[in-house]
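All remarks here apply to the structure that follows.
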Amino acid sequence: MKVMVIGGGGREHALCWKLKRSPSVSAVICAPGNPGIAREARCVNIGVEDLAGIINLAKIESADLIVIGPEVPLVAGLGNQLRSEGFAVFGPDKAAANLEGSKSFSKRLMYEAGVPTARFEVHVNCDEAIDTIRSWGAPIVIKASGLAAGKGVVVAQTEKEAIQAVKSMLAGNVFGEAGSQVVIEECLIGEEASCLFIVSGDTILPLASSQDHKALLDGDLGPNTGGMGAYSPAPCITDEVAEVVLETIARPIIAALKKKDAEFIGILYAGIMLTKDGPKTLEFNVRFGDPECQPLMSRLKSDLGELLLAAAERRLHDVKLAWEDGTALCVVVASDGYPNHFEKAQLIGGLDAIEAAGAIVFHAGTDEKDGAIVNKGGRVLGVTASASSAKEAQTIVYRALKKLDWPGGVYRHDIGHRAVTRENKQSTSI
Ligand code: AMP
Ligand code: GLY
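Numbering of the sequence shown is given in the numbering used here, commencing with residue 1 and proceeding in unit increments.
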């Protein structure tokens, strides 16, 4: 079959990489793609916000399956439009994508469905929001309700910081329409993990667990980013925890959407905090995590094309998933200055040497200039390796990264630290 992937980040590179290796897939097309994706797929330069252009391309190509990677086109309704044209689509309709597109909708639905999550209030009025901050005290979490590319959340350690965040969103308009409503949340304490599910109607199939590293700097310090590295599996998600997440979080939220006539086909991503009172939901996304997708695709043994088509055609109940043992680990290389201003068009060398050292380089914000690879986005590369343990995978990736020839590229040096610490404890107790 011919599969079309929408998007041009590291997540889509990992999806195209895996699709190309799927026996059921004869051709992969990607819009818009990137120079790394061009090794796996035929790239067509149509942006993810050009819904009419994407639909036209799908018709020209007679795509058998369309996989929508990022949230922006999902929230804009690309899933509905493609389905109404008769295409098999992996990715939810607009009504279900609202679970990610509006944090106020998502939190209200969690409450209606009895899904464990942090206490919250939604505000549009600055003075009322400030009253809540003063009455709850810090630490406290302030979120822009709409899409803000992973930058709309402030975990405020002081009331002053929280008030400043609310003012910048509601009065200062820093996130535009996305920040015209704010969600104020109780601050949850614990270890975070990402629990992803392939959903098709009533069938909910858990993927292997994973863990992202949201903070920019080593030691989980600095501002939040879209994610600086990830690995799978996350040892904190034991079989028992996974079962609790499936039964108390995934199933009730999908049932609550169904009650609103919002059928879900695609990835349900639950960001989980493992609190002392059990797993609680931080957020829902309606697509693969980036960079979680890179280690997940590295570990998936099943035919990805067959799996996503089965979900799109509502026959996921026939499918079983298989995963490689061991750990896959991805370190994100970002442009120095990210998540704020950074210089573009810097030459990036050493990529072949990184791959020769046993890692895969998934491209995100790269571009090609005069035959060379340069940076054009904040998160640029996802250097990924698989091994029998987290420690070994970590060692391979960081050894390979020594070959990177890009002075303006920065990365964390401790991706996987929680899993490695657990492995070290286990080996000393044997
Ligand atoms: P979100 O986009 O809602 O997942 O938020 C981004 C990040 O902010 C999460 O991955 C957490 O690290 C942090 N965060 C969000 N909500 C909370 C909360 N209620 N308590 C503590 N940390 C949070
Ligand atoms: N890695 C976090 C996300 O994809 O939202």
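For glycine and all other residues, C-beta sits at the position ideal for the given N, C-alpha and C.
Give the list of continuous alpha helix (DSSP H) stretches no shorter than 4 residues that lie fully inside the stretch 256-311. Segments of the alpha helix (DSSP H) lying fully in the stretch 256-311: 293-299.
By DSSP's criteria, N56 is part of a beta bridge. Which residues make up the other side? The residue you call residue 56 lines up with position 56 of the sequence shown. Bridge partners of N56: none, in fact.
According to DSSP, N224 sits in a beta bridge with which residue or residues? Position 224 of the sequence shown, counted from the start, is the residue given in the question as residue 224. Beta-bridge pairing links N224 to A215.
Closest to D318 by CA distance: which of S200, L329, I415 and R379 is it? Taking the first residue of the sequence shown as position 1, residue 318 is located at position 318. D318 has its Cα closest to that of S200, out of S200, L329, I415 and R379.
Cβ-based burial, N56 [other Cβ within 10 Å; buried from 16]: Here residue 56 corresponds to residue number 56 of the sequence shown, with the count starting at 1. Under this definition N56 is an exposed residue.
Does the stretch 172-192 come into contact with the stretch 295-309, if we say contact requires no fewer than three beta-carbon pairs (one atom in each stretch) closer than 8 Å? Proximity of the stretch 172-192 to the stretch 295-309 falls short of the contact definition, fewer than three beta-carbon pairs being nearer than 8 Å.
The beta strand (DSSP E) enclosing Y338, as first and last residue numbers: Counting from 1 along the sequence shown, the entry for residue 338 is found at position 338. Per DSSP, the continuous beta strand (DSSP E) segment holding Y338 begins and ends at T327 to P339.
Just confirm the distance between the C-beta atoms of A63 and F90, as a whole number of angstroms; I'd bet it's less than 8 Å. Residue mapping note: residue 63 aligns to position 63 of the sequence shown, counting from 1. Residue mapping note: residue 90 aligns to position 90 of the sequence shown, counting from 1. Actually they are not in contact, since the Cβ atoms of A63 and F90 sit about 11 Å apart, beyond 8 Å.
Helix, strand or coil at L73 according to DSSP, with G and I counted as helix: If you number the sequence shown from 1, residue 73 lands on position 73. Looking at the sequence shown, residue 73 is not Leu but Pro. It is helical.
Sequence-distant residues of its chain with Cβ nearer than 8 Å to E177 (five each side left out): Looking up residue 177 in the sequence shown gives position 177. If we look at E177 and ignore the five residues flanking it on each side, its Cβ neighbours are G146.
Since F342 sits in a beta bridge, which residues does DSSP pair it with? Taking the first residue of the sequence shown as 1, we reach residue 342 at position 342. Bridge partners of F342: none, in fact.
Taking DSSP as the reference, what is the three-state secondary structure of A149? Translated into positions along the sequence shown, residue 149 becomes position 149. Three-state result, A149: coil.
Tell me whether K160 is buried or exposed, calling it buried when 16 or more other Cβ atoms sit within 10 Å of its Cβ. Indexing the sequence shown from 1 puts residue 160 at position 160. With a 10 Å radius around the Cβ and a threshold of 16 neighbouring Cβ atoms, K160 comes out exposed.
Can you grab the Cα-Cα spacing for the pair M228 / L329, in whole Å? Taking the sequence shown and counting its residues from 1, one reaches residue 228 at position 228. Taking the sequence shown and counting its residues from 1, one reaches residue 329 at position 329. Each residue's Cα considered, the two are about 11 Å apart.
Contact check, V67 vs L308 under 8 Å by CB: the rounded distance? Locating residue 67 in the sequence shown gives position 67, where the first residue counts as 1. Locating residue 308 in the sequence shown gives position 308, where the first residue counts as 1. Yes, they are in contact, since the Cβ atoms of V67 and L308 sit about 6 Å apart, within 8 Å.
Taking only heavy atoms of the ligand AMP into account, decide whether any of them is closer than 7 Å to the Cβ of A14. One-based indexing of the sequence shown puts residue 14 at position 14. Answer for A14: no, Cβ out of range of the ligand AMP.
Please name the residue in T238, L217 and E306 whose C-alpha comes closest to that of K2. Position 2 of the sequence shown, counted from the start, is the residue given in the question as residue 2. Looking at the Cα atoms, E306 is the closest of the given residues.
Distance between beta carbons of I37 and G8, contact taken as under 8 Å: In the sequence shown, counting from the first residue as 1, residue 8 sits at position 8. In the sequence shown, counting from the first residue as 1, residue 37 sits at position 37. Contact annotation, G8 with I37: C-beta distance approximately 7 Å; criterion of less than 8 Å satisfied.
Start-end ranges of the alpha helix (DSSP H) lying completely within the stretch 155-186, minimum 4 residues: Those alpha helix (DSSP H) runs which fall completely within the stretch 155-186 and span 4+ residues are 159-166.
Below 8 Å on the Cβ atoms is my contact criterion, and I expect V380 with V333 to pass it. Report the Cβ-Cβ distance as a whole number of Å. Taking the first residue of the sequence shown as 1, we reach residue 380 at position 380. Taking the first residue of the sequence shown as 1, we reach residue 333 at position 333. With 8 Å as the limit, V380 and V333 qualify as a contact, their Cβ atoms being about 5 Å apart.
Going by the C-beta, is N285 closer than 7 Å to any heavy atom of the ligand GLY? As a position in the sequence shown, residue 285 is number 285, starting the count at 1. If you check the C-beta of N285 against the ligand GLY, you find a heavy atom less than 7 Å away.
Below 8 Å on the Cβ atoms is my guess for V182 versus I142; work out the distance and round it to an integer in Å. The sequence position of residue 182 within the sequence shown is 182, counting from 1. The sequence position of residue 142 within the sequence shown is 142, counting from 1. Separation of the CB atoms of V182 and I142 is rounded to 6 Å, and the pair is thereby assigned contact status at 8 Å.
Within 10 angstroms of its Cβ, does R315 collect 16 or more other Cβ (buried), or is it exposed? Residue numbering aside, residue 315 sits at position 315 when the sequence shown is read from its first letter. Classification for R315: exposed.
Verify the contact flag: D212, CB atom, against every heavy atom of the ligand GLY, threshold strictly below 7 Å. Within the sequence shown, numbered from 1, the residue matching residue 212 stands at position 212. Short note on D212: C-beta closer than 7 Å to some heavy atom of the ligand GLY.
Can you tell me which of the three DSSP states G10 falls into? Here residue 10 is taken as the residue at index 10 of the sequence shown, counted from 1. G10 falls in the helix class under three-state DSSP.
Per-residue DSSP class, three states only, for L207: Working through the sequence shown from its first residue, we reach residue 207 at position 207. The answer is coil: DSSP assigns L207 none of H, G, I, E or B.
Do you know offhand how far I249's Cα is from T281's? Numbered from its first residue, the sequence shown carries residue 249 at position 249. Numbered from its first residue, the sequence shown carries residue 281 at position 281. The C-alpha of T281 is placed about 7 Å away from the C-alpha of I249.
What does DSSP give as the partner residue(s) for K94 in the beta ladder? Walking along the sequence shown from the start, residue 94 turns up at place 94. DSSP output for K94 lists no bridge partner at all.
Contact defined as beta carbons within less than 8 Å: I believe A364 pairs with G10. What is the distance between those atoms, to the nearest angstrom? Locating residue 364 in the sequence shown gives position 364, where the first residue counts as 1. Locating residue 10 in the sequence shown gives position 10, where the first residue counts as 1. Going by Cβ atoms, the distance from A364 to G10 rounds to 4 Å, so yes, they are a contact pair.
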